[in-house]
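Below: one structure, written as structure tokens.
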Amino acid sequence: MPTIHRQNGFRFYFFSHEPNEPPHVHVDKGEATIKVWLDSLHVAKSRGFRAHEISGIIDMVTEHSEMFTEKWHEYFS
């Protein structure tokens, strides 16, 4: 489960056993977790984050989406 970025206490990563899914990133902070599709920037699932936190996470994923997508393709190529 490679960590690809850390920001403001959030850990951004993907699971190494998900190569058949579209590019996405998991984000954790404490016990809370969220999965965001990189192409649409939509939330696939979320547990433990409040709405304003989700909005901030989407902003961070948007800011780094190109790098996250590159890391995804590098890892699974």
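Positions in the sequence shown are counted from 1; adding 253 to them yields the working numbering.
Cβ atoms here follow ideal geometry from the backbone N, Cα and C, with glycine treated the same way.
Given the structure is predicted, the values throughout are model-derived calculations rather than measurements.
Endpoints, the beta strand (DSSP E) within which residue i is located
i: residue 258; result: 256 to 260
i: residue 265; result: 263 to 266
Per-residue burial, residue i [other beta carbons within 10 Å of its own, 16 or more giving buried]
i: residue 305; result: exposed
i: residue 279; result: buried
i: residue 277; result: buried
i: residue 377; result: Nothing in the structure corresponds to residue 377, since the chain is present only between 254 and 330.
Inter-residue CB distance, residue i and residue j (contact presumed, cutoff 8 Å)
i: residue 263; j: residue 310; result: 7 Å
i: residue 321; j: residue 272; result: Contact doesn't hold; Cβ gap of about 15 Å is too wide.
Per DSSP, cross-strand counterpart(s) of residue i
i: residue 277; result: 290
What runs of the alpha helix (DSSP H), each 4 residues or longer, lie entirely inside the region 279 to 326?
-> As far as the region 279 to 326 is concerned, it has no whole alpha helix (DSSP H) run of at least 4 residues.
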